[in-house]
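Novice: Below is a structure I'd like to ask you about.
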Amino acid sequence: MTKKKIEKSKKLPVYGKLAAWLLTGITLVAGGVLFSQQPAEAADVVVYKSPTCGCCKDWVSHMKENGYTVEVHNQRNMSSIKTELGVPRNMQSCHTAKVGGYIIEGHVPADVVARLLKEKPPIKGLAVPGMPMGSPGMEGPRKDPYNVVTIQENGKTTVYASRNQ
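Sequence positions in the sequence shown follow my numbering and run 30 to 194.
What follows is the structure in structure tokens.
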């Protein structure tokens with residue numbers, strides 16, 4: 030083959046060049062879109078619980094059913110988490126969560142969490158001390174009355190909501 034024939038065979042027809050340019054452009058745009066996407070948002074609720082706690086799993090399900098995204102951390106030593114987050118002993122329950130900068134201790138109903146996030150009161154968080162029957166995650170035929178109480182920085186508590194009264 031002569032030099033002229035080799036050079037001619039390397040040349041792309043006009044539509045070939047157009048196709049190459051289009052393919053390059055599409056690749057660059059697609060790559061740009063992929064790399065410019067925002068990172069996934071953090072979970073609405075971060076829950077710390079014992080890996081063996083069934084009612085904690087049920088509370089997580091309750092939160093998910095009510096539209097929250099939940100990130101679960103199974104912990105063997107829950108008391109260290111509660112101490113680190115400042116949950117008073119008399120307010121403690123089986124699981125502890127963080128939601129929108131607040132502590133949620135125990136079986137707090139999802140609608141009460143929604144109210145907290147809407148109102149944004151100047152408190153540390155909310156708690157349902159103990160494990161009252163009939164609270165989210167503790168469903169059954171029995172429905173004991175219980176209060177959702179505030180956890181305040183000064184250690185005081187007030188009733189934020191009441192259930193099954």
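For each residue, glycine too, the CB sits at the ideal point set by N, CA and C. Since we're looking at a predicted model, the values are computed, not measured.
Can you tell me whether Glu100 is helix, strand or coil according to DSSP?
Specialist: As a position in the sequence shown, residue 100 is number 71, starting the count at 1. Reduced to three states, the DSSP call for Glu100 is strand.
Novice: Assign Glu134 to one of three DSSP states: helix, strand, or coil.
Specialist: Walking along the sequence shown from the start, residue 134 turns up at place 105. Looking at Glu134 - three-state DSSP - the assignment turns out to be strand.
Novice: Does the region 150-162 come close enough to the region 177-192 that 3 or more CB-CB pairs lie under 8 Å?
Specialist: With the cut-off at 8 Å, the region 177-192 and the region 150-162 touch.
Novice: Does the distance from the CB of Ile132 to the CB of Gly154 come in under 7 Å?
Specialist: One-based indexing of the sequence shown puts residue 132 at position 103. One-based indexing of the sequence shown puts residue 154 at position 125. Taking 7 Å as the Cβ cut-off, Ile132 and Gly154 qualify as a contacting pair.
Novice: Within a Cβ cutoff of 7 Å, which residues of the same chain sit near Tyr175, ignoring the five residues on either side of it in sequence?
Specialist: Your numbering for residue 175 matches position 146 in the sequence shown. Closer than 7 Å at Cβ, skipping near neighbours: Val157, Pro161, Ser164, Arg192, Asn193.
Novice: Report the rounded CA-to-CA distance for Ala190 versus Arg105, giving the unit in angstroms.
Specialist: On the sequence shown, residue 190 is found 161 positions in, with the first residue counted as 1. On the sequence shown, residue 105 is found 76 positions in, with the first residue counted as 1. Cα to Cα, Ala190 sits roughly 31 Å from Arg105.
Novice: Between the alpha carbons of Lys172 and Pro138, how many angstroms are there, rounded?
Specialist: Reading the sequence shown from its first residue, position 143 is the one you call residue 172. Reading the sequence shown from its first residue, position 109 is the one you call residue 138. C-alpha separation (whole angstroms): 14 Å.
Novice: Is any heavy atom of the ligand COA found at a distance shorter than 6 Å from the C-beta of Lys147?
Specialist: The ligand COA is absent from the structure shown, which contains no ligands of any kind.
Novice: Do the CB positions of Gly169 and His91 come within less than 7 Å of each other?
Specialist: Counted from its first residue, the sequence shown places residue 169 at position 140. Counted from its first residue, the sequence shown places residue 91 at position 62. No. Outside cutoff.
Novice: Are the CB atoms of Ala2 and Val116 nearer to each other than 7 Å?
Specialist: The chain is shown from 30 up to 194; residue 2 falls before or after that span and cannot be answered.
Novice: Taking the Cβ atom as the reference point for each residue, do Val76 and Ala126 lie within a distance shorter than 7 Å?
Specialist: Taking the sequence shown and counting its residues from 1, one reaches residue 76 at position 47. Taking the sequence shown and counting its residues from 1, one reaches residue 126 at position 97. Yes, Cβ-Cβ distance for Val76 and Ala126 is below 7 Å.
Novice: Take Gly129 and list the residues in its own chain whose beta-carbon comes closer than 6 Å to its own, dropping the five residues that flank it on each side.
Specialist: Along the sequence shown, one-based indexing puts residue 129 at 100. Closer than 6 Å at the Cβ level, and outside the excluded window around Gly129, lie Leu146.
Novice: What does a CB cutoff of less than 6 Å around Pro80 pick up in its chain, not counting 5 residues either side in sequence?
Specialist: Residue mapping note: residue 80 aligns to position 51 of the sequence shown, counting from 1. Answer for Pro80: Asn103, listed in chain order.
Novice: Nearest CA to the CA of Thr186: which residue from Cys84, Tyr97, Met120, Val74?
Specialist: The residue you call residue 186 lines up with position 157 of the sequence shown. Thr186 has its Cα closest to that of Met120, out of Cys84, Tyr97, Met120, Val74.
Novice: Here's a check: name, in chain order, each residue in its chain whose Cβ is nearer than 6 Å to the Cβ of Lys78, leaving out the five neighbours to either side.
Specialist: By one-based count along the sequence shown, residue 78 stands at place 49. If we look at Lys78 and ignore the five residues flanking it on each side, its Cβ neighbours are Cys85, His124.
Novice: Is it buried or exposed, Glu134, if we count other Cβ atoms within 10 angstroms and call 16 or more buried?
Specialist: Residue numbering aside, residue 134 sits at position 105 when the sequence shown is read from its first letter. Under this definition Glu134 is a buried residue.
Novice: Roughly how many whole angstroms lie between the Cα atoms of Val101 and Val74?
Specialist: What you label residue 101 is simply residue 72 of the sequence shown in a count that begins at 1. What you label residue 74 is simply residue 45 of the sequence shown in a count that begins at 1. Val101 and Val74: Cα-Cα distance of roughly 8 Å.
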